[in-house]
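Notes for the one structure printed next.
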Amino acid sequence: QKIVIIKSKQKIDIQKKTNMEQHGQLDERELYVQCITKQLEEVDLLSSIYCTPGEMQIIDASVISDFNDFLNTPTAMPSSTLKAHLDYTIAVDVLHGKSKEKVEIRIELPNLYPLLENAIVTILSALLGKAKEMYLKREIEKFIETMDKSECYIFQVVSWLQDKLNSVIMRDASEFGPKQELTTEENENAVECERLWIYSHHIKSKKKRQEIQKEAHNLDLTGFSRPGKPGVICVEGTREQTQEFWRILKSMRWQHITICKSEVWLGKLQQRRRFEGFKEQIFCDDLDNEEGFMNMGLFMKYLEAHKSGYIKKELFGLA
Numbered sequence: 001q002k003i004v005i006i007k008s009k010q011k012i013d014i015q016k017k018t019n020m021e022q023h024g025q026l027d028e029r030e031l032y033v034q035c036i037t038k039q040l041e042e043v044d045l046l047s048s049i050y051c052t053p054g055e056m057q058i059i060d061a062s063v064i065s066d067f068n069d070f071l072n073t074p075t076a077m078p079s080s081t082l083k084a085h086l087d088y089t090i091a092v093d094v095l096h097g098k099s100k101e102k103v104e105i106r107i108e109l110p111n112l113y114p115l116l117e118n119a120i121v122t123i124l125s126a127l128l129g130k131a132k133e134m135y136l137k138r139e140i141e142k143f144i145e146t147m148d149k150s151e152c153y154i155f156q157v158v159s160w161l162q163d164k165l166n167s168v169i170m171r172d173a174s175e176f177g178p179k180q181e182l183t184t185e186e187n188e189n190a191v192e193c194e195r196l197w198i199y200s201h202h203i204k205s206k207k208k209r210q211e212i213q214k215e216a217h218n219l220d221l222t223g224f225s226r227p228g229k230p231g232v233i234c235v236e237g238t239r240e241q242t243q244e245f246w247r248i249l250k251s252m253r254w255q256h257i258t259i260c261k262s263e264v265w266l267g268k269l270q271q272r273r274r275f276e277g278f279k280e281q282i283f284c285d286d287l288d289n290e291e292g293f294m295n296m297g298l299f300m301k302y303l304e305a306h307k308s309g310y311i312k313k314e315l316f317g318l319a
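Oh and the sequence shown: position 272 is 272 in the UniProt record's numbering, straight run, nothing missing.
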């Protein structure tokens, strides 16, 4: 298992002193009482959300007992009573191709979380490489800094991280490597672009097919849609536009639909577009039979003609 440590903990005494001054009305014990109480309330809430067996596990359950003893003993001082911190894991599902994989998120809470110290979040997954690890580390640090530190925020972090992992796992590792420096002129004109490859169990509804084409045109996306069983959609445009398209698409009712691959780049969109306009493609021997099975040979020729032959593995598991 690959271990990713995402750590954003305030250890500097000056920083902690400043924060304690902001809570100057509290003595040391009361400060710990507030933090420990919030942590126990949060664990209780999380255990009701992640309640499937094995979904959430407390590493050392005796810590809960120690915390309660501390809270119930008015004379107990934190320095002598609190010998350990709360540490637990939450397992979440993420998409990997067309299947779901479990990713374990480990949360370690310093005793002064959330008021004075930040949570330590660790991801256990074999699905990530070094470049993606570093990217996630930076992103989660930024996200934690946006949290309201007067309240606990682990649920928000886990929910955000689950969505983020789905996106990061699908993207190519090369997108997270060192970026080639752009010239000043190129940097000024550069935009974040994306090509989305979307797989659906089927696309048969005429209303959906019309809506797909309408939204692609409205958002100035290029690509294609293949109705029938299975359904395949490819859109390319600015990342803002492709993500808006995906948001609209997801809101429709589907038996199954997923992003098989996301290709993101920074630069000029027109230089890397592979398709002209957005069109519906049938890929059937009988063009009048829109619900017929896909002719894989015709589809592969189309992909190769648009420099996209590699995508057959992500869509259908074909080498």
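Every residue gets a Cβ at the ideal spot worked out from N, C-alpha and C, and that includes glycine.
Q.
For a test of your reading of the model: does the CB of Pro-78 fall under 7 Å from any non-hydrogen atom of the ligand HEM? Yes or no.
A. Of ligands this structure carries none, so the ligand HEM is not represented either.
Given a threshold of 16 other Cβ atoms within 10 Å of its Cβ, counted over all protein chains shown, does Gln-270 qualify as buried or as exposed? By one-based count along the sequence shown, residue 270 stands at place 270. Under this definition Gln-270 is an exposed residue.
Query raised in the report: Going straight from the alpha carbon of Ser-150 to that of Leu-31, what length do you get?
Result: Within the sequence shown, numbered from 1, the residue matching residue 150 stands at position 150. Within the sequence shown, numbered from 1, the residue matching residue 31 stands at position 31. Each residue's Cα considered, the two are about 12 Å apart.
Quiz prompt | Cα-Cα separation between Ile-154 and Leu-249, rounded to whole angstroms | solution = The residue given as residue 154 occupies position 154 in the sequence shown. The residue given as residue 249 occupies position 249 in the sequence shown. One C-alpha to the other measures close to 29 Å.
If I follow the unbroken beta strand (DSSP E) through Asp-27, where does it start and stop? The residue labelled residue 27 in the question sits at position 27 within the sequence shown. Premise fails: Asp-27 is in no beta strand (DSSP E) and is neither H nor E.
First and last residue of the alpha helix (DSSP H) that includes Lys-301? Position 301 of the sequence shown, counted from the start, is the residue given in the question as residue 301. From DSSP, the alpha helix (DSSP H) with Lys-301 extends over 296-305.
Which residues in the same chain as Ile-90 place their Cβ atom closer than 6 Å to its Cβ, once the five residues preceding and following it in sequence are excluded?
-> Numbered from its first residue, the sequence shown carries residue 90 at position 90. Closer than 6 Å at Cβ, skipping near neighbours: Tyr-50, Met-56, Ile-105, Val-158.
Practice item. Below 8 Å on the Cβ atoms is my guess for Glu-236 versus Leu-221; work out the distance and round it to an integer in Å. Key: Sequence index remark: in the sequence shown, residue 236 carries index 236 (1-based). Sequence index remark: in the sequence shown, residue 221 carries index 221 (1-based). Going by Cβ atoms, the distance from Glu-236 to Leu-221 rounds to 7 Å, so yes, they are a contact pair.
Got a sec, what are the start and stop residues for the alpha helix (DSSP H) Ser-79 sits in?
Here residue 79 refers to the residue found at position 79 when the sequence shown is read from its first residue. Counting along the chain, the alpha helix (DSSP H) containing Ser-79 begins and ends at 78-81.
Subject >> Residue nearest to Arg-273 in terms of C-alpha spacing, selected from Ser-62, Glu-192, Asn-166 >> reply: The residue you call residue 273 lines up with position 273 of the sequence shown. The option with the nearest alpha carbon to Arg-273 is Glu-192.
DSSP three-state label for Met-56, please. In the sequence shown, residue 56 corresponds to position 56, counting from 1. It is a strand residue.
If we cut at 8 Å on Cβ distances, does Asp-148 have a partner in chain B?
The structure shown contains no chain B, having only a single protein chain.
My parser needs the alpha helix (DSSP H) runs of 4 or more residues fully inside the stretch 128-209; what are they?
130-145, 154-170, 184-189
**Request:** Tell me whether Leu-219 sits in a helix, a strand or coil according to DSSP, three-state version.
**Result:** If you number the sequence shown from 1, residue 219 lands on position 219. Residue state, collapsed to three classes: coil.
### Query
If you run the structure through DSSP and keep just helix, strand and coil, what is Arg-226?
Position 226 of the sequence shown, counted from the first residue, corresponds to residue 226. DSSP places Arg-226 in strand when its eight states are reduced to three.
With DSSP as the reference, label Thr-75 as helix, strand or coil.
-> For the purposes of this step, residue 75 is identified with residue 75 of the sequence shown, where counting begins at 1. Thr-75: coil per DSSP, three-state reduction.
Can you give me the C-alpha to C-alpha distance between Ile-144 and Tyr-88, rounded to a whole angstrom? For the purposes of this step, residue 144 is taken as the residue at position 144 of the sequence shown. For the purposes of this step, residue 88 is taken as the residue at position 88 of the sequence shown. Each residue's Cα considered, the two are about 18 Å apart.
Between the stretch 274-281 and the stretch 224-233, do three or more beta carbon pairs fall short of 8 Å?
yes
query = What does a CB cutoff of less than 8 Å around Asp-66 pick up in its chain, not counting 5 residues either side in sequence?
reply = For the purposes of this step, residue 66 is taken as residue 66 along the sequence shown, with counting starting at 1. The residues are Thr-81, Leu-82, Lys-83, Ala-84.
Paired residues, beta bridge with Trp-265 - DSSP | Locating residue 265 in the sequence shown gives position 265, counting from the first residue. DSSP output for Trp-265 lists Cys-193 as bridge partner(s).
Output needed for Asp-60: all residues of its chain with C-beta closer than 8 Å, excluding positions within five of it in sequence on either side, in chain order.
The residue given as residue 60 occupies position 60 in the sequence shown. Cβ within range, chain order: Ala-84, Asp-87.
> What's the gap between the Cα of Phe-275 and the Cα of Cys-234?
Replying inline: In the sequence shown, residue 275 corresponds to position 275, counting from 1. In the sequence shown, residue 234 corresponds to position 234, counting from 1. So the alpha carbons of these two residues sit roughly 9 Å apart.
If you drop the 5 nearest sequence neighbours on each side, which residues of the same chain put their C-beta closer than 6 Å to that of Thr-242? Reading the sequence shown from its first residue, position 242 is the one you call residue 242. Hits under 6 Å: Glu-194, Leu-196, Val-235.
Just to confirm my understanding: we take Gln-22, look at its own chain, exclude 5 residues before and 5 after, and list those with CB closer than 8 Å. What are they? By one-based count along the sequence shown, residue 22 stands at place 22. Any reading at Gln-22 is ruled out, since the residue's pLDDT is 48, under 50, leaving its predicted position unreliable.
* Please determine if the stretch 130-148 and the stretch 63-79 are in contact, where contact requires at least 3 C-beta pairs separated by less than 8 Å. => no
> If you compare alpha carbons, which of Lys-98, Ile-140, Asp-148 is closest to Leu-116?
Replying inline: To locate residue 116, count along the sequence shown from 1; it is residue 116. For Leu-116, the nearest C-alpha among the options comes from Asp-148.
Quiz item: Can you tell me the Cα-Cα spacing of Asp-69 and Thr-75, whole angstroms?
Solution: Taking the sequence shown and counting its residues from 1, one reaches residue 69 at position 69. Taking the sequence shown and counting its residues from 1, one reaches residue 75 at position 75. Approximately 11 Å, taken between the alpha carbons.
Looking at C-alpha atoms only, which residue of Val-43, Gln-210, Val-103, Lys-214 is the closest neighbour of Lys-164? Translated into the one-based positions of the sequence shown, residue 164 becomes position 164. For Lys-164, the nearest C-alpha among the options comes from Val-103.
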